[in-house]
Structure formats: C-alpha cells, structure tokens
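**Student:**
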Amino acid sequence: MKSIAQTTGPRKLALATRTPAMGPNFANRVAAVCLLASAMASGLVAQTRSATTGAAAPPAATKTPLPPTQNYWAYVGAESADRIYRIKFGPAGTSVEKTIDIGELSAEMEGPHGLQISRDGKYLYMTTGHGTPDGKYWRYALGPDTLTGPGILLGNFPASIDVTPDGDYTFSANFNLHGDMVPSTVSVVHTPTNTEIARIVTCTMPHGSRISADGRRQYSTCMMDDQLVEIDAVNFAVARRFGLAKGKEAPVKQMATTMAGMDHSHMAGMSAGAKPTVDPAQVGAGGVKHEMEANSCSPTWALPSHDNKHVFVACNKSDDIIQIDVKTWKLLRHIKTGRGVYNLAITPDSKLLVATLKQGSAVEIFDIVTGRSLVQIPTSNNIAHGVTISSDSRFAFVSSEGKGAMPGKVDVIDLVALAKVGTADVGPQASGITFWKSEPARN
153 MKSIAQTTGP RKLALATRTP AMGPNFANRV AAVCLLASAM ASGLVAQTRS
203 ATTGAAAPPA ATKTPLPPTQ NYWAYVGAES ADRIYRIKFG PAGTSVEKTI
253 DIGELSAEME GPHGLQISRD GKYLYMTTGH GTPDGKYWRY ALGPDTLTGP
303 GILLGNFPAS IDVTPDGDYT FSANFNLHGD MVPSTVSVVH TPTNTEIARI
353 VTCTMPHGSR ISADGRRQYS TCMMDDQLVE IDAVNFAVAR RFGLAKGKEA
403 PVKQMATTMA GMDHSHMAGM SAGAKPTVDP AQVGAGGVKH EMEANSCSPT
453 WALPSHDNKH VFVACNKSDD IIQIDVKTWK LLRHIKTGRG VYNLAITPDS
503 KLLVATLKQG SAVEIFDIVT GRSLVQIPTS NNIAHGVTIS SDSRFAFVSS
553 EGKGAMPGKV DVIDLVALAK VGTADVGPQA SGITFWKSEP ARN
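Start counting the sequence shown at 153; every next residue gets the next number (our numbering).
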C-alpha cells in the first residue's frame, strides 16, 4: 500500500485528520455514475428562475454580436477519444488548430478529464481519470504541446485539477468513481519535481478543485456528503467544512463525522489527531454497508471569487448555486439555475457568473451582483460540461459531451451580446476545458 505521507518540496506537509460522513447506498452510487459518466437525458429546461424566487425565463439576447478583433485559444479534453484539442477562435471563425494524442495504454481509454493552464501560460496540467489501475497527472509544455516528464499516479480517478498562482503545486480531486463509497482525497503535486507530496483525506466523491487567487486556499466539493471543503494550501490540511444540505446550510465541525461501521484496522494505534498513512479509498469498505442521509445538493463545483471573499458552489441535484462568505463562513444567498448546474466560471472583470447546465444541455449567464439570470443558451450538443472564459472577459468557451459516438462540441459564447458565435467539433465526451491566450489578429 502506498503511503500518503511523503515529504518533499518547500512547504510543510500536512494531512487532514478527519474523515467525513460515510457514503450512500448502492442506489446513490448508481446515480453518481450515471451523472459523471454522462448517461444523462438531455433537454433544455425552458423555465429559469431568479436568485430567490421562481420567475419567467430570462430574455433572449438583443445585441448583435460584433466580430472579434483578436484570436483566442483554449484547450479541451475528449475523454472517449484520449485526445486534447487546441481550439482557435477569431475573425476567421472557430476551428481545431491542433490535436494531441494522450496516454500510454493503447488498449484502454485513459480519459483526459481535468485541464488547467499555469498563470504564465507555459504549461498545461491534466488528469486522466481512467487507466490501469487508476488515472494519472501529466504536464505539457504549451506551444509544442509536449510532455515535460512521465505521468504519475495519484488517488483513485483524479478528476478536477487546479494550479497555484506561482505554478509550484497542483491540487487534484480524486473522485473515486468506481471504488467503494468511502472517503477519498485531494492529491498535491510539486510540479518542479513531478512528485505527489500530499494526499489529503476530504470526503466521499470530491470534485471541482479550485484555488483562491491568493493561493492560500483550495476548495472542492463532496458530491455524496453535501459538503464544501476548504484546504489550507500552505500547510496541506483541511481547514473548514460547510454543509450544503437543503435547509441545513451551515459550517460543519471537523469532529462531526460518521465513522460507525467502518473498518478502522488500517488506522490502528492512531490518536484522534494523528495523520492517516493510507488512502481510505484504496483500503475500501471491506464489505461493510454504509448509510447516510440522501443528498439534496450533490455539489459538483466550488469556485472562489477573484477577491477571495466568496465561494460559489454548484448544487447539481437541486438546480442551485450557493454563495458563501469566506470570512464569516456563512450562507449569503441561493441563486436558482436551470436543470443540472455543473461547472462554474467568473469573468475576470467579476461582472458575470457563467454556469454549465449538464442535464439541461445549456449554459446560463448571471449578473454576479444581483444574481439575476440574463440568458440560457442551448449548447450545440447535449450534456454540457466545462466552461472557461477569455482573459478580456469577452468570450466563454463551453464543452459539451454528446452521447455515444457523437462528437463532442466546443461552443464560443459572446458575453456582451449573450449569444453563441462559434462551434468546433472535437472527440466524443468533451469535458475539461481551459483558456490559454489571446493575440491581436493579423490582417
């Protein structure tokens, strides 16, 4: 068994010492697999609602889109094609500029799931969620799009990934899609040495890794525990938890975890505050049945605001975005969404909140101050997935998976005109997407 406690890199290694509530029953597992494996029924919900009450659908865009004066680039992964695509959008239209084959197992789909680019635009970080036995972490040099080193194993099914502002560390949520319903982890990789230096136990099915703009905190959600988890990104330890269950939105005490029925033999001799030495997801449930309350939020994404004052959480099950005050650690408001809110992004100018609606096969745009829905735009394919925004706050790039052998799609949304202005076909099950750069277009 691989030890979690590894020491390398300039920061202090610290591991979370609490495990959250036990996972749900088999029926909840099936529901999660259906959601994350994209076996969702499509169909746009025609009715959207305001931040607090039901209301008429948002008005359609009335502005005429202006042609771009710059070229924009984004990268997207296609899980069922084992490829990454470099998308170019500009005055000449939307196209796939480059296709990069990924992985190392010719007989198995490894599935590029999480993608993120360093703040300096030099590197692309990627997780492959599948593979044998598990997925891996990879780093590419952008431009030539070549690997900078071998892939390294993380926890079970690494999904969402983010990188610290200095580029020295990545945090990957190990979603553990196919394993026992037990607490999983967030892996920390020291990028200069290509080494996993910490594996922080968080909760059941963690997803949606995002780091605050100051690099001091990392946020992820617990899809099956209805929690938001804040990690101290300096000491690599769980700092706070916030409960997301409907009607019970409040801070969760670190000690308030359910351990009943779990096989603790792998933690023998440990005190309540000791650091775990193994990954619970790799130990497994040992055939023990775990019970928990049915989840009402089923969070899939956590996104800190650019000023580090708020965190927005996507509740996929309840069609709701929860906004939390970071300083007081209290609920601020609910923002109602269309069906199946999944991923979130905030424009760099902090004016708009953009959400993908996975089951609704659409993207929804909100005024971040009022919480008012401005528009819902159907994606060119069903099963909307990821969203990323250009550095000038002008365009959003949205991935949608499709079903079966259908190609994935990347739509470009004009955030001024609130209209779709471009589409590119990519491989099946388009998922993680990240913005790279923009440059003035040459005549």
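Here a beta-carbon is modelled for each residue, glycine too, at the ideal position from N, C-alpha and C.
Going by DSSP, which residues form a beta bridge with residue 496?
**Tutor:** 507
**Student:** With which residues is residue 475 paired in a DSSP beta bridge?
**Tutor:** 464 and 485
**Student:** With residue 295 and residue 278 assumed to form a contact (beta carbons below 8 Å), what rounded beta-carbon distance in angstroms separates them?
**Tutor:** The pair is not a contact, with the Cβ atoms about 16 Å apart (cut-off 8 Å).
**Student:** Per DSSP, what kind of secondary structure is residue 432 in: helix, strand or coil?
**Tutor:** For residue 432, the secondary structure class from DSSP, reduced to helix, strand or coil, is helix.
**Student:** For residue 231, is the classification buried or exposed, using 16 other Cβ atoms within 10 angstroms of its Cβ as the cut-off for buried?
**Tutor:** buried
**Student:** Taking a contact to mean a Cβ-Cβ separation below 8 Å, would you say residue 561 touches residue 539 in this structure?
**Tutor:** no
**Student:** Determine the direct distance from the alpha carbon of residue 397 to that of residue 406, and round the result to whole angstroms.
**Tutor:** 16 Å
**Student:** How long is the line joining the alpha carbons of residue 524 and residue 488, rounded to whole angstroms?
**Tutor:** 9 Å
**Student:** By the DSSP assignment, the beta strand (DSSP E) with residue 333 in it spans what residues?
**Tutor:** Taken as a continuous stretch (DSSP letters only), residue 333 belongs to no beta strand (DSSP E), as it is neither H nor E.
**Student:** Are residue 338 and residue 372 touching if we call contact CB-CB under 8 Å?
**Tutor:** yes
**Student:** Any idea if residue 588 is buried or exposed, counting beta-carbon neighbours within 10 angstroms, 16 or more meaning buried?
**Tutor:** buried
**Student:** Using the Cα positions of residue 312 and residue 532, report the straight-line distance between them to the nearest angstrom.
**Tutor:** In a straight line, the C-alpha of residue 312 is about 23 Å away from that of residue 532.
**Student:** Considering residue 103, what are the terminal residues of the beta strand (DSSP E) in which it resides?
**Tutor:** The displayed coordinates of the chain run from 153 to 595. Any statement about residue 103 would go beyond what the structure contains.
**Student:** If you reduce the DSSP assignment to three classes, tell me which class residue 161 lands in.
**Tutor:** In this prediction, residue 161 scores a pLDDT of 41, lower than 50, which makes its location untrustworthy; no coordinate-derived value is stated.
**Student:** Would you check if the distance between the CB atom of residue 333 and the CB atom of residue 451 is smaller than 8 Å?
**Tutor:** no
**Student:** Determine contact between the stretch 384 to 400 and the stretch 361 to 372, defined as no fewer than three beta-carbon pairs at a distance below 8 Å.
**Tutor:** yes
**Student:** Residue 297 and residue 252: beta carbons closer than 8 Å?
**Tutor:** yes
**Student:** On a CA-only basis, which of 341, 394 and 219 is nearest residue 481? Give me that one, please.
**Tutor:** 394
**Student:** Alpha carbon to alpha carbon, what distance is there between residue 291 and residue 516?
**Tutor:** 31 Å
**Student:** Rounded C-beta distance between residue 536 and residue 494? I'm assuming under 8 Å.
**Tutor:** 7 Å
**Student:** Are residue 567 and residue 522 close, meaning C-beta to C-beta below 8 Å?
**Tutor:** The Cβ atoms of residue 567 and residue 522 do not sit closer than 8 Å to each other.
**Student:** Where DSSP assigns a beta bridge to residue 362, which residues make up the other side?
**Tutor:** 371
**Student:** Could you compute how far the alpha carbon of residue 458 sits from the alpha carbon of residue 478?
**Tutor:** Going by the C-alpha atoms only, they are around 12 Å apart.
**Student:** Can the beta-carbon of residue 271 be found closer than 8 Å to that of residue 319?
**Tutor:** It is a contact, given that the beta carbons lie within the stated cut-off.
**Student:** At the 8 Å Cβ level, is residue 291 part of the contact set with chain C, yes or no?
**Tutor:** In the displayed structure, chain C is absent; only one protein chain is listed.
**Student:** Relative to the C-alpha of residue 344, which candidate in 583, 573, 301 and 262 has its C-alpha closest?
**Tutor:** 301
**Student:** I'd like to confirm the pairing. Which residues does DSSP put opposite residue 294 in its beta bridges?
**Tutor:** The partner list for residue 294 (beta bridge, DSSP) is empty, contrary to what the question assumes.
**Student:** Under DSSP, the beta strand (DSSP E) around residue 265 begins and ends at which residues?
**Tutor:** 264 to 269
**Student:** Do you know how far the Cα of residue 238 is from the Cα of residue 247?
**Tutor:** 9 Å
**Student:** For the beta strand (DSSP E) containing residue 356, list its first residue and its last residue.
**Tutor:** Taken as a continuous stretch (DSSP letters only), residue 356 belongs to no beta strand (DSSP E), as it is neither H nor E.
**Student:** For residue 400, count neighbouring C-beta atoms within 10 Å of its own C-beta (all shown protein chains included) and say buried if the count is 16 or more, exposed if not.
**Tutor:** exposed
**Student:** Classify residue 249 as buried or exposed, calling it buried when 16 or more other Cβ atoms lie within 10 Å of its own Cβ.
**Tutor:** exposed
**Student:** Suppose you measure from the CA of residue 303 to the CA of residue 215; what does that come to, to the nearest Å?
**Tutor:** 46 Å
**Student:** Candidates 260, 229, 355 and 370: which alpha carbon is nearest residue 322's?
**Tutor:** Measuring from the Cα of residue 322, the nearest candidate turns out to be 370.
**Student:** From which residue to which residue does the beta strand (DSSP E) around residue 250 run?
**Tutor:** Under the DSSP assignment, residue 250 falls in the beta strand (DSSP E) whose first and last residues are 245 to 253.
**Student:** Does the Cβ of residue 503 have 16 or more other Cβ atoms within 10 Å, making it buried, or fewer, making it exposed?
**Tutor:** exposed
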